[in-house]
Amino acid sequence: MKISLALLMLLLAAACTGRKAVSFRSPRPTCCPKEMLFRRKIQASRIQEFRYTASSCALKAVLVKLPKLTLCVDPEEKWFQEYLRMQKKPNTSST
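Okay, structure coming up:
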């Protein structure tokens, strides 16, 4: 009995210390620590969606969802500002 209880406690501790994934559906605000900011340019075609972190977060950042992961990005990055401008630009099509 002591062994199974110890094993259960070990499994619970391992589950609690595991890496937390960023979720767009999370009811709690997701914040990005400064050392986790992704500094390289991301191709616009790979970005599925993005959202700003909550105002309660210490660092202003953007959560950028890609096909297989979500990254934290500095909203002041030049490439991200250009991405935002392209998103606001109306699509022009020739008819």
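According to mature numbering (1 follows the signal peptide of the UniProt record, and there is no 0), the residues represented by the sequence shown are -21 to -1, 1 to 74, in order.
Yeah, the Cβ is synthetic: ideal placement off N, Cα and C, and Gly gets one too.
Inset, instruction - Rank LYS47, SER24, LYS13, LYS20 by C-alpha distance to the C-alpha of LYS39 and give the top, closest one. - result: LYS13
Inset, instruction - Flag this pair as yes or no: are the beta carbons of VAL43 and THR49 separated by less than 8 Å? - result: yes
Inset, instruction - Could you tell me the distance, in whole angstroms, from the CA atom of LEU63 to the CA atom of GLN22? - result: 13 Å
Inset, instruction - Kindly indicate the opening and closing residues of the beta strand (DSSP E) around residue 143. - result: Since the displayed the chain opens at -21 and closes at 74, residue 143 lies outside it and no answer follows.
Inset, instruction - Could you name the residues that DSSP lists as bridge partners for LEU48? - result: None; LEU48 has no bridge partner.
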